[in-house]
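Here it is in structure tokens:
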């Protein structure tokens, strides 16, 4: 799959919610409420997405091609009424790029002598 | 609750709603499982409202956040600009109306922010700063009134470390100050040494008062920024220089920051200096001994609250202290309590500011409604003219929603253009006003936050009001519109008529309020201009020297003039030598200087008890105002002598029993009789229980500039007054009296360098003016709302003088009350109460 790097750079920096959604879907397909729970668990309860915020982000990410809706259910346990989403290769590339950007930022901060610990 | 949430999802764009409604409902239900109804409701609102707005914005910005095919918002803006360009005149009118509305509102909000919401000018906002508002029940009428504090009170408050970190206090007066250009009367505030420190006010130069200066008599002074700029060119070398207050040298130790004038709105724009409390001992009579006295309550206080304390805690924390003080001073401090309020605004009390804020916000809201209905009516007219275009677009398949959005976009563009024009007008207008009349718009400066608020408010309302024309224009029947396409006549719709009615309804109160303010100003400036002697200058003045019944004291500081009468005679002689001065009138109520050690308020009581004989045995006592005037009084003020004669030179001597009454007094005391030669007995109970027998030698009519005068007045010779420490001078000149004012001032200063001269006016302005400058609406309204219950010594004294001076000119009480309405009825009633024997204290 060919990834348009210009398009990837054009989406950076990602909004935090978008990045969290990509991370959540990187582990596997999930429906909306599962994403909310996963993000909450990952952030230790610091980020609690509302339904409105979630689906507005999902709508934008679908339009941008970062995620797509899964047409077929993977397992029998999947709820038929729910809509599942999956990260696209483009979404993965964008998530990686964002991760690199953040890492670079952290590296620069460390080089400046800044540490997370308070003095 | 799910039903409610589902209904709220209707706020989202249609495509988004159709795509995600079920999923969102399911997620919301699971997200709120186990929560209370209230929490769920709150979550639903907090979730849907902001996200629905954001989703709509996405649609407008990107054209299709959820894959819709709606044209982008930018397209709507381009179309709106084309529409505006097609009707430039109409668009220009709409933009101008919006700009004026926004500009006026921004101005009103700036005034509010400057004078009511922010701390006083020059003081950085600080939540820990609070104003103490001590109250007690007044024994005379049982009302709860604001009172002042004594220095021992301040010391007691400082002991309450649990409540206050700093307690500062001040009291103000007017004194002659000489900054090397001649002595002028200036506002002088005596402050505690920690005054500037407590306020966290950084002086523009110098270090201010040393900490231990409260009771020291060290002659140091902090001067105002305007004095620094005007007299010392803003030079930092000013520190260490000397100015003279009451002809005593004071060393400058600081310069107040720009715009800082203290807390009294009466000080706005006035040159002010600050002296330490101890300086009172060398400048004012009795001050050396009265500072430690508990009953010398002359101070106002501002405090810095201790950490964790809010103003609401102060009353509770100081309750024991207040109870103790109430016990110590049961006469003056019944039910004494100490409250605090956040230090905002220039006004004296919270209720004053509430009135100010409410009235300004009401006017601002009315202006917004007028502006918006005006714009709506204009937009409606334009929409009517575009009915055919709208009909064609509807017939080609455009949805009504799409057309409404387009028209709202046009409203938004117009509102933005109006806001830009309003900004262009607002900033230079405020700056020009400040440059041209800084004392009138003191402290006002353009504020981005205020303008932003006014703009956002106007934008929202403009869009809301733009909705009505949009709905109206798109509700037309397509077939009818297309059939009548050749008919371009614009019919007045019911909606248009509604807008006109709303405009008229809202304009009415605004016009009434504006008319009242303008009429007040007009009356203040030109009252009785046709009849009043235009060539009379008047001024209130006060001797700052101690009277000593014939013995000049305080060493060489005072010229060897014995009493206030001697000073007045010398002033008269000196003024008479000024070329162009034709006659001089002197008016006083004859009271001795109030002892400030007893009360901060001037004991202003010109009403006396007179006994007159009715028949052979009956005696009637009447309360009649009495003024002491010199022999030139009636000539100077062109008061007609109706019967008998005026007070002559021979009558104006100590022990004289001659008096002149006005027609109202004659009618009251001897109804239907000729008063000439009648005798009346004045009860001089002020200082000693004695009486004086008087004989009426003349009756005067109402002065020509106040023919409606009805208040009975007895005029006694000036020389018989016990004291003339505070009096009013009226000088008739041969030309425009205004040109003579500096000469008159100089002449007075030559005789009495320490006289405090206030309220200088020419007579045509004096009938109603209380202030020495023409008030602009903002200042007038502020004073109307702010100045009343401040009950400061200076304020009340100034008002008393003003009322008394006007009384001297024959203004009747009713008229005084009416023209006094530029302050509050409360203040007027205070003055009137203080004019009654029972209310003086």
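Protein chains in written order, with my numbering: chain U, 50 to 168; chain A, 108 to 948.
In this text, a Cβ means the ideal position worked out from N, Cα and C, and glycines have one as well.
Every value quoted in this text rests on a predicted model; they were computed, and no experiment measured them.
Query: Start-to-end residues for the beta strand (DSSP E) that takes in residue 328 of chain A; Result: 327-330
Query: Residues sharing a beta bridge with residue 950 of chain A, DSSP; Result: Past the boundaries of the shown model lies residue 950 of chain A; chain A is included only from 108 to 948, so the question cannot be answered.
Query: Cβ neighbours of residue 361 of chain A in the same chain (closer than 7 Å, five flanking residues each side left out); Result: 310, 312, 313, 314, 315, 329
Query: First and last residue of the uninterrupted alpha helix (DSSP H) at residue 133 of chain U; Result: No alpha helix (DSSP H) holds residue 133 of chain U; the beta strand (DSSP E) holding it covers 133-136.
Query: Start-to-end residues for the alpha helix (DSSP H) that takes in residue 857 of chain A; Result: 848-858
Query: Cβ separation of residue 810 of chain A and residue 732 of chain A, assumed to be a contact under 8 Å, to the nearest whole Å; Result: Going by Cβ atoms, the distance from residue 810 of chain A to residue 732 of chain A rounds to 15 Å, so no, they are not a contact pair.
Query: Environment of residue 467 of chain A [buried if 16+ CB atoms lie within 10 Å]; Result: buried
Query: 7 Å Cβ shell around residue 739 of chain A - same chain, five flanking residues per side excluded; Result: 690, 691, 692
Query: Bridge-paired residues (DSSP) for residue 368 of chain A; Result: Paired residue(s): none; residue 368 of chain A is not in a bridge.
Query: Chain A contact for residue 152 of chain U (CB, 7 Å cutoff); Result: no
Query: Chain-ordered residues of the region 78-100 of chain U with a beta carbon less than 7 Å from chain A; Result: 81, 82, 85, 99, 100
Query: Outcome for residue 58 of chain U when other beta-carbon atoms lying within 10 angstroms are tallied against a minimum of 16; Result: exposed
Query: Spatial neighbours of residue 571 of chain A in its chain, beta-carbon cut-off 8 Å, leaving aside the 5 residues before and after; Result: 479
Query: 9 Å Cβ cut-off: residues of chain A touching residue 132 of chain U; Result: 127, 129, 130
Query: Any C-beta of chain A under 7 Å from that of residue 105 of chain U; Result: yes
Query: Neighbour flag for residue 472 of chain A against chain U, beta carbons, 7 Å; Result: no
Query: Close-in-space but distant-in-sequence residues of the same chain around residue 357 of chain A (CB under 6 Å, 5 per side omitted); Result: 326, 328, 350
Query: Residue closest to residue 403 of chain A, alpha-carbon to alpha-carbon, out of A/491, A/418, A/185, A/436; Result: A/436
Query: Backbone secondary structure at residue 165 of chain U - three-state DSSP; Result: coil
Query: Residue 244 of chain A to residue 433 of chain A span [Cα, whole Å]; Result: 10 Å
Query: Residue 584 of chain A, buried or exposed, once every other Cβ within 10 Å from all chains shown has been counted against 16; Result: exposed
Query: Span of the alpha helix (DSSP H) around residue 112 of chain U; Result: 100-113
Query: Burial state of residue 143 of chain A, where buried means 16 or more other Cβ atoms lie within 10 Å; Result: exposed
Query: Closer than 7 Å at the beta carbon, the chain U residues around residue 135 of chain A; Result: 100
Query: Anticipated Cβ contact below 8 Å, residue 61 of chain U with residue 136 of chain U, distance rounded; Result: About 16 Å; that fails the 8 Å criterion.
Query: Beta-carbon contacts of residue 412 of chain A that lie in its chain and below 6 Å, excluding the five residues immediately before and after; Result: 235, 237
Query: Residue range of the beta strand (DSSP E) that includes residue 833 of chain A; Result: 833-840
Query: Of the residues A/297, A/427, A/380, A/566, the one placed nearest residue 333 of chain A, counting alpha carbons only; Result: A/380
Query: When A/555, A/838, A/719 are compared against residue 684 of chain A, the one with the closest alpha-carbon; Result: A/838
Query: CB contact check: residue 154 of chain A to chain U, cutoff 7 Å; Result: yes
Query: Beta-carbon proximity of residue 252 of chain A to residue 261 of chain A, cut-off 7 Å; Result: no
Query: Any chain A beta carbon closer than 7 Å to residue 63 of chain U; Result: no
Query: Chain U within 7 Å of residue 158 of chain A, Cβ atoms only; Result: yes
Query: Where residue 721 of chain A falls, given that 16 or more other Cβ within 10 Å makes a residue buried; Result: exposed
Query: Below-7 Å beta-carbon distance, residue 162 of chain A vs any chain U residue; Result: yes
Query: Chain-order list of residues whose beta-carbon lies under 6 Å from that of residue 880 of chain A (same chain, five-residue window excluded); Result: Note that residue 880 of chain A scores 36 on pLDDT, short of 50, meaning its location in the model is unreliable and no value can be drawn from it.
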